[in-house]
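This note's numbering numbers the first residue of the sequence shown as 419 and each following residue consecutively.
We put the beta carbon where it would ideally sit given N, CA and C, even for glycine.
In this text the structure is predicted, and so the values were computed from the model without any measurement.
Reading through the C-alpha cells given below for one structure.
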Amino acid sequence: FFLHNRVRTIDQKAAELSELVPEARIVVGHGQMNEEDLETVMTDFGNYKADVLVCTTIIESGIDMPNVNTLLIDRADRFGLSQLYQLRGRVGRGEHRAYAYLLMPAGRRVTETAEQRVEAILEASELGSGFRISMRDMEIRGAGNLLGSAQSGQIHSVGLSLYSQLLEEAVLLLSNETENGEDNSQVSLNDLPRMDVDLPSTIPEEYVSHLPTRLGLYQRLGRILNREELDQIEEELTDRFGALPDTVVNLLELVDLRALAASVDIESIVQSGDSITARLRNPVGSARSPLQKALGPSASVGLHQISMSSRSLGDEWVGRFKNILERLRVFRDSLQAMSG
C-alpha cells in the first residue's frame with residue numbers, strides 16, 4: 419500500500435511513483451470512486467494483478483489482504499497516533515514479515531506533537547503494543563483529572579455555537595495580543611458574534627468518521643475570520659471526503675455569516691420563532707432612519723438591533739440575512755468615506 423490521503427492529487431502521486439518504479443503495476447483506489455470501479459481495483463490487487471495500491475485511508479478498516487506486506491504512509495505527521503497504529507495493522511496479516519514506512523516532508527518543520535506521535539509508533543513495534551500506544555497517546559494529549567475541569571476524551575457531537583462559545587472563552591483567557599501592543603484593528607476571534615440559531619449544522623460521523631479529524635475541522639472552522647479561509651476548507655472537505663452533506667453546507671453558511679457579522683460589529687445573532695435578530699455592539703443613533711432605507715423593507719432597524727422575519731423561508735434565511743449584512747457593510751463604508 420502507498421497511502422496518500424488527498425484525492426485531488428492521488429493520481430498525480432501515482433504517476434510520480436510510476437516514473438520512479440516503471441516496472442511496478444500501480445492502481446489507484448479511494449472512496450470517491452464508482453463502487454464497481456473500486457471493487458475491480460481491490461479485486462485485481464488482491465489477485466496479484468497489481469503490485470502497488472495507491473490509496474487513501476479507505477484501507478483503515480475492513481481490509482484483510484494477507485499478501486500485502488509493505489505500507490508507505492505519505493505525510494505521516496498529519497495522522498493521529500491511533501490512526502497510524504490502525505493503518506500499520508493493515509500489513510503483516512500473512513506469514514511474511516511486514517514493513518511500514520512513515521514518510522515526513524524533507525526540509526519542513528513539523529509540530530512537536532506530530533514528532534511525538536511518530537516516535538511513539540516507531541517505539542511500539544512488538545506484538546500487543548495497543549496498551550502502550552494508548553498510554554503514550556494519553557501522555558501526549560493529557561489525561562485530565564477525575565474531579566477537576568480538565569477532562570480527557572472528546573464529545574462525539576459538537577455544534578458550532580457550543581464550540582464557538584468554548585473557543586471564545588479559551589481565547590479570552592490565553593490571548594495577550596492587547597497587552598503585547600499588537601495591531602488589533604482587524605477582526606479577531608474575540609470579535610466573533612454569538613450564534614444561537616435553529617439550523618442543523620454539524621459534521622456527521624458518516625461523512626468524517628475519524629473523531630480527531632472531525633474535531634480538528636471544528637477547531638479550524640471556529641477560527642475562520644474571512645471568506646478566503648472558508649473557501650480553502652470547503653475545497654479541502656470536498657477533496658478529501660466528497661460532496662458536502664446538507665448539515666455541513668449549513669455549517670459553512672453559518673461560519674460565513676458569523677465572519678460577515680463580525681466585520682460589521684454584530685454582537686450576536688439569535689433566532690426566536692420566526693424572527694432573526696442581530697444585536698449591534700454600538701447603537702445606530704441618528705443613522706437609524708437612513709439605515710432602514712438602505713437595508714430595505716425586509717429588515718427592521720432598531721436602536722441596538724436589526725431583525726428579519728424568517729417565516730416561510732426555511733433554511734434560506736441565512737442567505738437573505740447575509741444580504742442584509744452586506745448592505746449594512748456598504749452603508750457603514752459610505753458613512754466612513756463621508757466622514758473621512
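C-alpha gap between residue i and residue j, whole angstroms
| i | j | result |
| --- | --- | --- |
| His422 | Pro611 | 38 Å |
| Ser663 | Asp657 | With the sequence shown as reference, residue 663 is identified as Pro, and Ser is not the correct amino acid for it. Taking the straight line from one Cα to the other gives about 14 Å. |
| Arg750 | Arg697 | 16 Å |
| Val626 | Asn668 | 16 Å |
| Val576 | Thr488 | At Val576, the pLDDT of 48 sits below 50, so the modelled position is not reliable; the number obtained from the coordinates is stated separately. Distance between the alpha carbons of Val576 and Thr488 is about 37 Å. |
| Ala532 | Ile621 | 24 Å |
| Arg745 | Glu457 | 52 Å |
| Ala661 | Pro708 | 43 Å |
| Ala433 | Asp482 | 26 Å |
| Asp692 | Gly714 | 19 Å |
| Ser603 | Gln754 | Annotation note: pLDDT 41 at Ser603 (below 50); position unreliable, coordinate value reported separately. When rounded, the distance between both Cα atoms is 15 Å. |
| Ile684 | Arg699 | 6 Å |
| Arg729 | Arg426 | 41 Å |
| Leu435 | Ile491 | 13 Å |
| Ala524 | Ser681 | 39 Å |
| Gln689 | Asp616 | 7 Å |
Enclosing alpha helix (DSSP H) for residue i [first to last residue]
| i | result |
| --- | --- |
| Ile651 | Arg645 to Phe659 |
| Ser681 | Asp664 to Ser681 |
| Leu633 | Leu629 to Leu639 |
| Leu709 | Arg706 to Leu713 |
| Ile539 | Glu530 to Glu541 |
Beta carbon of residue i nearer than 9 Å to that of residue j
| i | j | result |
| --- | --- | --- |
| Gly720 | His628 | no |
| Ser752 | Leu672 | no |
| Ile724 | Thr695 | yes |
| Ile444 | Asp462 | no |
| Met613 | Leu521 | no |
| Arg508 | Glu478 | yes |
| Glu652 | Leu678 | no |
| Met516 | Leu505 | Here residue 516 turns out to be Ala, not Met, going by the sequence shown. Cβ atoms of Ala516 and Leu505: not closer than 9 Å. |
| Gln501 | Pro630 | yes |
| Val459 | Gly449 | no |
| Gly510 | Asn485 | no |
| Phe420 | Lys431 | yes |
Any non-hydrogen atom of the ligand FMN within 8 Å of residue i CB
| i | result |
| --- | --- |
| Ala712 | What this structure holds is no ligand at all, so the ligand FMN is not there to describe. |
For residue i: DSSP bridge partner residues
| i | result |
| --- | --- |
| Gly612 | Reading off the sequence shown, one finds Arg at residue 612, where the question assumed Gly. Note: Arg612 sits in a beta bridge opposite Ser686. |
| Gln723 | Arg697 |
| Ser718 | Ser725 |
| Leu731 | The partner list for Leu731 (beta bridge, DSSP) is empty, contrary to what the question assumes. |
First and last residue of the uninterrupted beta strand (DSSP E) at residue i
| i | result |
| --- | --- |
| Thr520 | Correcting the residue type first, residue 520 is Leu in the shown sequence and not Thr. From DSSP, the beta strand (DSSP E) with Leu520 extends over Tyr517 to Leu520. |
Any chain B beta carbon closer than 9 Å to residue i
| i | result |
| --- | --- |
| Glu623 | The chain labelled as chain B is not found in the depicted structure, where only one protein chain is given. |
Subject >> Every unbroken alpha helix (DSSP H) inside the segment 426 to 509 [4 residues or more] >> reply: 453 to 464 and 499 to 506
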